[in-house]
Every structure is written in structure tokens, then in C-alpha cells.
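*Asks:* Could you have a look at this structure, given as C-alpha cells, before my questions?
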Amino acid sequence: MCADVTKTCAVNAFLGSQTFTVSWMQPMISFNCNCVEKQGMQERIYSFVKVQKQVTGSEPTTEPVEVTVTDVPFTNITVNSQAYYSKFIWPAAVVLSSFTVYRPELFVNKRVLELGAGKALCSLTAKAVGARSVVATDFDSNDDDVNENRVPVRQLRWGEFNKQTIDLLCFNNDDNLDIILGSDLFYEEMQETDTIVEEKIDRVLSMVVLAKQRNPDLMFICSAVIRTFDQYQRFLQSLCNWKLEVLHKYTPQQFIQNYTSEHNDIEILLIR
5 MCADVTKTCA VNAFLGSQTF TVSWMQPMIS FNCNCVEKQG MQERIYSFVK
55 VQKQVTGSEP TTEPVEVTVT DVPFTNITVN SQAYYSKFIW PAAVVLSSFT
105 VYRPELFVNK RVLELGAGKA LCSLTAKAVG ARSVVATDFD SNDDDVNENR
155 VPVRQLRWGE FNKQTIDLLC FNNDDNLDII LGSDLFYEEM QETDTIVEEK
205 IDRVLSMVVL AKQRNPDLMF ICSAVIRTFD QYQRFLQSLC NWKLEVLHKY
255 TPQQFIQNYT SEHNDIEILL IR
């Protein structure tokens, strides 16, 4: 389907335990990023705008969703890679944030948790489109920049089933998670064996399955970077092993108007 053709589309939108049909004239997301260098860091202001393709051109149909984050320049990644992985906004996070603005009805009044949040662009965007509550999690929770943006950050180490994990994913009341977000969670180091990669994937999916014990309708929305065919197949097989199903797939070309080549190998997966 060509994204530039104006047509009415009917899609199934899954919210909570209800399934219903919505129709719209096919929109697209246009995003812009303004970057300012500040003392070895860079402040980025992302602006996501939903536009409707018209005969006369693209016209905004919603107010811009603006999110400000501070991360390190990409040059720092090449100097000291692992120490800065979580300090940089990767393309997969931009794609997932664009999708959040594209499908805000999935997030409005929902309780959201992000895995491997890093600078938490996706968490901040979910909050901006109307999520009822958002928690960003990562291996290290000491990120003052995210806290300044008033999204709580919690430490969550995948595969560790302790009290903190239980409280984050299952809660001790009836207010359960609705959505788990994740972008580029399955990056492979060159020296990692297939077994190590599969264990890493299983640790992530175990967190999703644990949360689903309290809310079977919980949805896992992730942006997966397809670096190799074998890696992607391992991920899909792991989903089957954990009895998780891919409900929908989206490519950036379907919903990002100004996507670039760095987004070509990314898919958005809606998993339940």
C-alpha cells in the first residue's frame, strides 16, 4: 500500500480487553529534531506532527508533540561504546516514538512501562500523547535528565525476579500495566554466541510474560532492528516459545513521512 495515496483504512485497534474498528484517512508522521551542543552533551528537541496527505500537499491535523532530551554526541559512542549505549538516542527509539504519535489511541489513559529506556524518549512521548502513567526502567536508574522531565526512572534488571521486579511489573493492586515499550532491546555484540543472544531475548520476554500474569491483555510494543535474518528469526522463535503472538507489524515507510535510510531495517511489532 502506498503511503502517499489518500484512502480510508479500517484497522483493528486493541485496547484493554476490547476490540473495535476505527477508520481514518491515512495519516503520516513528520518529525523534526533541533540539536544544541551543551558542555559535551547535546540537547535535542523532537517535534512529531501528524499530517494528512492532501491533493494540495501535507497539512497538519494535530498539534506538534514536542519532547526534549539530552544525550551524548554520536562520536562518544565510537570512543567508548558500551559506556554510552544508554546515553544516546538511537534511530529505533525515534521510530517507536513516531509510532506512538501515529497511534495515540493505544496509549491514552493507559499505564505504560518502558524496558531499556536509556534517555526515555519513548516514555516521554507516551506521556505527551496522554498515557495515564509512565515509568521508564533501565539497568541503571541514575538518570537525572529523565527525572527532570518528570518521568520516574526505576532500576530493572531483566531476568531477575526480586521484589522490585514484582512491584514494577505486577503491582500490589488492581492498577495493572497495559503496555510495555522497548526499542532496540536485542543488540548483539560481535563476540556473543547464539546461546548468549537467546538468553538475552528470553530475559526480556520473561519480563513481559510476568506482567501478563496480572493483565493477560497487556501489549508489548517494540521497535525491532533487523540486523541479520538469523537474529530476527531467533527473536520470532522466542516469541513462539513464550506463547506470545505478533498481532501487527509496521514499517517506518507506512507512517513516517520523512523517514531515512537509517530507519530501513526497523519494524514496529505489536505483541500480545
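Residue numbers (my numbering): 5 to 276.
Using N, Cα and C, we set each Cβ at its ideal position, and we do this for glycine too.
Suppose you measure from the CA of Leu185 to the CA of Gly44; what does that come to, to the nearest Å?
*Replies:* Their backbone Cα atoms lie some 29 Å apart in a straight line.
*Asks:* Here's the rule: buried if 16 or more other CB atoms are within 10 angstroms of the residue's CB, otherwise exposed. What is Gly134?
*Replies:* Exposed, because fewer than 16 other Cβ atoms sit within 10 Å of the Cβ of Gly134.
*Asks:* Between the segment 156-164 and the segment 204-219, are three or more C-beta pairs nearer than 8 Å?
*Replies:* As far as the Cβ criterion goes, the segment 156-164 touches the segment 204-219, which means the pair count is three or higher.
*Asks:* Given a cut-off of 8 Å on the beta-carbon distance, is the pair Lys114 and Ile183 in contact?
*Replies:* Contact: yes.
*Asks:* When you compare the CB positions of Val73 and Leu128, do they come within less than 8 Å of one another, or not?
*Replies:* A contact, by the Cβ cut-off of 8 Å.
*Asks:* Determine the closest residue to Arg231 out of Gln168, Asn268, Thr264, Asp171, with distance taken between C-alpha atoms.
*Replies:* If we check each option's Cα against that of Arg231, Asn268 comes out closest.
*Asks:* CA-CA distance, Ile270 and Ser101?
*Replies:* Between Ile270 and Ser101, the C-alpha separation is close to 13 Å.
*Asks:* Could you pull out every unbroken alpha helix (DSSP H) segment of at least 4 residues lying fully inside the segment 187-259, listed in chain order?
*Replies:* Runs found: 198-216, 233-245, 256-259.
*Asks:* Quick one, which of Glu47, Leu243, Leu181 has its alpha-carbon nearest Arg207's?
*Replies:* Of the candidates Glu47, Leu243, Leu181, the one whose C-alpha sits nearest the C-alpha of Arg207 is Leu243.
*Asks:* Kindly identify the DSSP beta-bridge partner or partners of Thr74.
*Replies:* In DSSP, Thr74 forms a bridge with Glu47.
*Asks:* Roughly how many angstroms separate the alpha carbons of Gln46 and Arg154, rounded to a whole number?
*Replies:* The straight-line gap from Cα to Cα measures roughly 19 Å.
*Asks:* Name, in chain order, the residues that DSSP records as bridge partners for Arg115.
*Replies:* In the DSSP output, where bridge partners are listed per residue, Arg115 has Ser137.
*Asks:* Out of curiosity, what's the CA-to-CA distance linking Asp108 and Gln258?
*Replies:* Note that residue 108 is Pro in the sequence shown, not Asp. The alpha-carbon atoms of Pro108 and Gln258 are separated by roughly 16 Å.
*Asks:* Whose C-alpha, out of Ala124, Leu240, Ser90, is nearest the C-alpha of Leu251?
*Replies:* Leu251 has its Cα closest to that of Leu240, out of Ala124, Leu240, Ser90.
*Asks:* So, for Val112: in the same chain, excluding its five sequence neighbours on each side, which residues have a beta-carbon less than 6 Å away from its beta-carbon?
*Replies:* These residues qualify, in order along the chain: Gly134.
*Asks:* Could you check how far apart the C-beta atoms of Ile93 and Asp75 are, in whole angstroms? I think they sit under 8 Å.
*Replies:* So it is a contact: roughly 5 Å between Cβ atoms.
*Asks:* Using CA coordinates, which residue listed in Phe143, Ser137, Ser265 is at the minimum distance from Val123?
*Replies:* Just to set this straight, residue 123 is Lys in the shown sequence, not Val. Of the listed residues, the one whose Cα sits closest to Lys123 is Phe143.
*Asks:* Measuring straight from C-alpha to C-alpha, what distance separates Pro68 and Val201?
*Replies:* Cα to Cα, the separation comes out at about 38 Å.
*Asks:* Use the C-beta contact count for Cys37: other C-beta atoms within 10 angstroms, 16 or more gives buried, fewer gives exposed.
*Replies:* Cys37 is exposed by the Cβ-count criterion.
*Asks:* Let me make sure I understand the geometry here. Which of Ser227, Pro31, Lys167 has the alpha-carbon closest to that of Leu125?
*Replies:* Measuring from the Cα of Leu125, the nearest candidate turns out to be Ser227.
*Asks:* Just the C-alpha distance for Phe52 and Lys247, rounded to the nearest angstrom, thanks.
*Replies:* Taking the straight line from one Cα to the other gives about 34 Å.
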